[in-house]
Amino acid sequence: MTSLPDAKLVCRDVWKVFGPHAVETLKRLGPNPASEDFTAAGLVPAVRAVNLSVRESEIFVIMGLSGSGKSTLVRCMSRLVQPTAGEILFSGEDLLRASEAEMTMIRRHKMGMVFQHFALLPHLSVLDNVAFPLQIQGMPRAEREARAAKMVALVGLDGREQAFPRQLSGGQQQRIGIARSLAVEPELWFLDEPFSALDPLIRREMQDEFIRLQSVLKKTIVFITHDFDEAIRLADRIAIMKDGEIVQQGTPEEIVLSPATDYVREFTRAVTKAKVLRVTGVMRPPSGVEPTGTIPSRATMAEAAPAFLDGAKVLRVVDEDGVTLGHLHRSDVVDILLGG
Amino acid sequence: MQTAPQVVRRTWPGWAGWLLVLVLFVTFWKLGRPLMPWAFDYPRGWEIPAASRTTKATKWLLNDATFGLFTFAEFTRFIADLIDIPYRIALSILSTGFLRGSGSAAVQLVPPASWLAAIIVGGLIGLHAGGRRLGLLVAACLGFVALFGQWQSAMVTLASIVVAVPMGVAGGMGLGILAYRVPLFERAIRPVLDLMQTIPVFAYLVPILILFGFGPTAAVVATLIYAMPPMTRVTHLALTRVPHELTDLGRMVGCNSRQMMWQVMVPSAKASLMVGVNQVIMLSLNMVIIASMIGAGGLGFDVLAALRRLDFGSGLEAGLAIVALAVVLDRVSQAYASRRPGTDPAPGANLVARHPYLTAATATLVLAMLGGLVLPGLQSYPEALEISTGTFGNRVVQWINVNYFDTLEAIKNTLLLNLLIPFKRFLLDLPWLGVVALLGYSGWRLGGVRLAVLAAVLAFLIAATGQWEKAMITLYLCGIATGIAMLIGVPIGILAAEHERLWGPVQVVIDTLQTLPSFVYLMPAVMLFRVGDFTALIAVVAYAVAPAVRYTVLGLKGVDPRLIEAGRAMGCTNRQVLTRIKLKLALPEILLGINQTVMFALSMLVITALVGTRDLGQEVYIALTKADPGRGLIAGLAVAFIAIIADRMIHAGARAARARLGLEATR
Chain A
1 MTSLPDAKLV
11 CRDVWKVFGP
21 HAVETLKRLG
31 PNPASEDFTA
41 AGLVPAVRAV
51 NLSVRESEIF
61 VIMGLSGSGK
71 STLVRCMSRL
81 VQPTAGEILF
91 SGEDLLRASE
101 AEMTMIRRHK
111 MGMVFQHFAL
121 LPHLSVLDNV
131 AFPLQIQGMP
141 RAEREARAAK
151 MVALVGLDGR
161 EQAFPRQLSG
171 GQQQRIGIAR
181 SLAVEPELWF
191 LDEPFSALDP
201 LIRREMQDEF
211 IRLQSVLKKT
221 IVFITHDFDE
231 AIRLADRIAI
241 MKDGEIVQQG
251 TPEEIVLSPA
261 TDYVREFTRA
271 VTKAKVLRVT
281 GVMRPPSGVE
291 PTGTIPSRAT
301 MAEAAPAFLD
311 GAKVLRVVDE
321 DGVTLGHLHR
331 SDVVDILLGG
Chain B
1001 MQTAPQVVRR
1011 TWPGWAGWLL
1021 VLVLFVTFWK
1031 LGRPLMPWAF
1041 DYPRGWEIPA
1051 ASRTTKATKW
1061 LLNDATFGLF
1071 TFAEFTRFIA
1081 DLIDIPYRIA
1091 LSILSTGFLR
1101 GSGSAAVQLV
1111 PPASWLAAII
1121 VGGLIGLHAG
1131 GRRLGLLVAA
1141 CLGFVALFGQ
1151 WQSAMVTLAS
1161 IVVAVPMGVA
1171 GGMGLGILAY
1181 RVPLFERAIR
1191 PVLDLMQTIP
1201 VFAYLVPILI
1211 LFGFGPTAAV
1221 VATLIYAMPP
1231 MTRVTHLALT
1241 RVPHELTDLG
1251 RMVGCNSRQM
1261 MWQVMVPSAK
1271 ASLMVGVNQV
1281 IMLSLNMVII
1291 ASMIGAGGLG
1301 FDVLAALRRL
1311 DFGSGLEAGL
1321 AIVALAVVLD
1331 RVSQAYASRR
1341 PGTDPAPGAN
1351 LVARHPYLTA
1361 ATATLVLAML
1371 GGLVLPGLQS
1381 YPEALEISTG
1391 TFGNRVVQWI
1401 NVNYFDTLEA
1411 IKNTLLLNLL
1421 IPFKRFLLDL
1431 PWLGVVALLG
1441 YSGWRLGGVR
1451 LAVLAAVLAF
1461 LIAATGQWEK
1471 AMITLYLCGI
1481 ATGIAMLIGV
1491 PIGILAAEHE
1501 RLWGPVQVVI
1511 DTLQTLPSFV
1521 YLMPAVMLFR
1531 VGDFTALIAV
1541 VAYAVAPAVR
1551 YTVLGLKGVD
1561 PRLIEAGRAM
1571 GCTNRQVLTR
1581 IKLKLALPEI
1591 LLGINQTVMF
1601 ALSMLVITAL
1611 VGTRDLGQEV
1621 YIALTKADPG
1631 RGLIAGLAVA
1641 FIAIIADRMI
1651 HAGARAARAR
1661 LGLEATR
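Sequences listed follow chains A and B, in order. The opening position of the first sequence corresponds to residue 1 in our numbering, with each subsequent residue numbered one higher. The opening position of the second sequence corresponds to residue 1001 in our numbering, with each subsequent residue numbered one higher.
Here is the structure:
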């Protein structure tokens, strides 16, 4: 799975071990060191043998509880943290071989990052904050302010360009953080727990906003969260981390329907399956009379259910271009809803 | 990362060791004198001639040291000349005007800033920094200075500060940034900073005097040495505390190291950095006053001259002018520190609308200068309008002394006879060897082997340089002053922490007490009790009481409110909450308060040498009058050693207390 043709970012056997002489010790310990070996050597492994690949234009969510190494992993991907071992291929190039100067250019032009606590510069106005990455690149003032203004409008904060971060609510501040990270038009977009510091209601609103943005922008996204529901809601694919290792990766459906370990099952237990399963998972091949009602292929079972309220027995599942993919039967939906 | 609790097997309880050592100490003290007299009075023959060697070294530096192309003395004079340029300019603008020629033949080309214009500009700065109230306060304080005829002196003092502060801030920040970037440099510079802050200022006045000559320039150099260390510390701390996310952001957007420092870190740390700037300003003021002894002139010189003449009235006026200046500098710099972006007018508009304050200030200065040509009273404050309370002040003091002389004398003598003198005798009687050993043991118990060695070696060095007796006198004054300051400060602190309404005014008072230059404290004490140890004690207590109050309040207010709530839920009365919960948990903080009180007391003690104490401070002061750099530096180092021992011991004690209370993990 590490060699998908459309993979934008690939991690191969990435390790991050904190402590003295980490590189040498890791080599000495061989391919499969045990936790005890690290403790004995006085080292702390934060990321262990991570293999994953992020495809072009997908939302790849890394989900894990605090201390699982997810933040360290995402920082390894941009080399904010230097991985101890492994390869990180970005559009086929190994980032670990890039010089510090090359890395700076890659970060400047091809990567954007959103931070948990927003990381807005307190002395700059909204517009200047958004224009900051462009300023660092040395873009002339007029040009960068025009681009920044567009980004501010994109996240729906036009009119507040001259405000300062402290004058805005948490949700608004994170919108600025998002606008800033998009200002350089990155190929790869990192979001490190972007909504964790927000109230539940605002979080929901920001998730919707994020989905809207992605439907327009189609970025390649690595999204970090500790919230399983958020992961299910946003992800095209999910990787679940525990103690620095990835315990399972797959689509939300795969994870909810067949959790790989008890640890993953704990998370999936509280999830209503109807909210995860997409209609494409239970539709049947088209047969018989062509039904009149339609349902978009992205819809979940829970979203599809109300469409049967007017008495329809079968719905047509259509993709974005209106092409029929299959038929969705009422009885299948009811089974899923009742089965939880 | 939990470790299994270690089973401590101790056949002796903790206090038994202390008891044993104390018994040994007392036995040795009472019975040891006939056996080992050298352990009681350090033999002259064993003394290290550090003072005379240092003097020789300084003389060598001055006369013979050379870098090849130029001599060391030429080098220092060059620096002095360099500093002299901005000083002359500042002085010309504020006080003398631009002159051609020298001495009495000088012709004034451009007059100095008019007093009225300066007050208005000061008011505008206040307005800009903190709004209308601050503007009025600044104008009022400056007006007060003019009204009492202290304008000229105040402007001379201000000129030194205006020159010293930017240099101190820039230098301190540069060192702080370097320390942040190069951890090795940080480790190297930390002990130097410690020493720079604990050596009494008088001690390095002499070498500076010799190397840089007598005059305002030398005073600026002394001010820099005194005021720079806190800026370095604050800068380093502020940079380390910049949130990781912000540095991550800087790296993500591809900042190079200069962009990272100046566009991300320094702006984010601005609030903390401004606290450092405020400290530099206040310390500079303090030092410029003290440096009047090496020719800084200005208000400090007026106070010093009045002290020497015992002319309290005029001394008090100059002192109050210093207070007014201190209040202005402190409040304005604090207002700038807490000012946030977003209050500036929108860009666009024309020059006047964009910089209303700058335009108004310039206009005022120009108008006042032109007006001054017509009306001389506008240029320099007319003498006829000056008020002097000098004679009035003298009469008040006279009246107090006539009517309450006996009462005051009685208080003074009672304390002297029953507390000061017995304690002094007791300390002087102790064997130095025993004290060194006792310090070593305490160091070991509180902080391990390193602290033990540090304390014992520093204490031994004081004895070995022949300063034991003077050090004991310093210790006695410092000890009693700290004790009294804590006795006054802690109860006030407890009251203030318990009653929110009281805390407001108390805070204003201790803030003001802390901004006052230490010189000022001497005046009222001398007025009432003349010279001597008791006067020194009063001044030291007045100066050192502020940190005692502040840390008590900080400690009590810092107690976790959940614990207080838990206490109340268990049915504690207010009194029980205070004594059983708050005071116990605030103990480490209060210990740090003692530490600060000791530091304040020591720094003030040196200045009280002016009113005739017989301690290390006096030694430094005498060295200053005799221009003997070695003697002054060695005595100064002894004071620094006492400070360092006290500081390290109390810190170790506070850390142990925090660990015991579970507020901090044991290391």
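Each residue gets a CB set at the ideal place from its N, CA and C atoms; glycine is no exception. Since the structure is predicted, the reported quantities are computational estimates derived from the model, not experimental observations.
Nearest CB-CB separation between Thr280 of chain A and chain B: not below the 9 Å threshold. Taking CB atoms only, Ala146 of chain A has no neighbour in chain B less than 9 Å away. A distance below 9 Å separates the beta carbons of Val1598 of chain B and Asp1647 of chain B. At least 9 Å separates the beta-carbon of Asp94 of chain A from that of Glu102 of chain A.
Under DSSP, no beta-bridge partner is assigned to Val1374 of chain B. Rounded to whole angstroms, the separation of the alpha carbons of Leu120 of chain A and Leu43 of chain A is 33 Å. Annotation: the continuous alpha helix (DSSP H) that includes Gln1507 of chain B extends over Glu1500 to Thr1515. Your pair Gly1149 of chain B and Leu1137 of chain B does not check out as a contact, with CB atoms roughly 21 Å apart and the cut at 8 Å. Here the C-alpha atom of Met111 of chain A lies approximately 29 Å from the C-alpha atom of Leu201 of chain A. Put simply, the backbone Cα of Ala1222 of chain B is about 37 Å away from that of Ala1496 of chain B. DSSP places Ser53 of chain A in the strand class (E or B) of the three-state scheme. Where Asp208 of chain A is concerned, the enclosing alpha helix (DSSP H) starts and stops at Pro200 to Leu217. By alpha-carbon distance to Pro165 of chain A, the top candidate from A:Val216, A:Lys27, A:Gly67 and A:Gly177 is A:Gly177. Between the region 1498-1505 of chain B and the region 1250-1269 of chain B, the count of C-beta pairs closer than 8 Å stays below three; the two stretches do not touch. Within the same chain, Val81 come within 7 Å of Arg75 of chain A by CB-CB distance, once the 5 residues on both sides are set aside.
Ala7 of chain A carries a strand assignment under DSSP once its states are collapsed to helix, strand and coil. For Thr104 of chain A, the residues of chain B that pass the 9 Å Cβ criterion are Arg1251, Gly1254, Cys1255 and Asn1256, in the order they occur in the chain.
Using a Cβ-Cβ cut-off of 9 Å, Val1264 of chain B counts as an interface residue toward chain A, since at least one Cβ of chain A sits closer than that to its own.
Taking C-beta separations shorter than 6 Å and ignoring five residues to either side along the sequence, the partners of Arg237 of chain A in its chain run Phe60 and Thr251, following chain order.
Under the 8 Å Cβ criterion, the region 263-276 of chain A does not count as touching the region 285-297 of chain A, having fewer than three qualifying pairs. For Asp94 of chain A, the beta-bridge partners assigned by DSSP are A:Leu89.
CA-CA distance, Leu338 of chain A to Glu320 of chain A, rounds to 29 Å. DSSP lists A:Glu87 as the bridge partner or partners of Arg12 of chain A. Taking a contact as a CB-CB distance under 8 Å, the pair Pro1200 of chain B and Gly1617 of chain B counts as one, their CB atoms being some 7 Å apart. Within the DSSP secondary-structure output, Leu191 of chain A pairs in a beta bridge with A:Val114 and A:Phe223. For the pair Ala1337 of chain B and Asp37 of chain A, the Cα-to-Cα distance works out to about 51 Å. In the three-state reduction of the DSSP assignment, Ala239 of chain A falls in the strand class, which pools E and B. Look at Leu1246 of chain B: its C-beta is under 9 Å from a C-beta on chain A.
Residue contact check for Phe90 of chain A against chain B: no CB pair falls below 9 Å. Rounded to whole angstroms, Leu1633 of chain B and Asp1311 of chain B show a C-alpha spacing of 31 Å. Relative to Pro259 of chain A, the option among A:Ala274, A:Ala239 and A:Arg278 whose CA is nearest is A:Ala239. In this chain, the alpha helix (DSSP H) harbouring Gly1130 of chain B covers Trp1115 to Gly1130. Annotation for Met1228 of chain B: no beta strand (DSSP E) segment contains it, though the alpha helix (DSSP H) segment containing it runs Pro1216 to Thr1240.
With a cutoff of 9 Å on beta-carbon distance, Ile62 of chain A and Ile224 of chain A are scored as near each other.
Neighbours of Ser78 of chain A across chain B, judged by C-beta separation under 7 Å: Met1252. Ser1268 of chain B reaches chain A at Leu121 and Pro122, counting residues in chain order whose Cβ is nearer than 7 Å.
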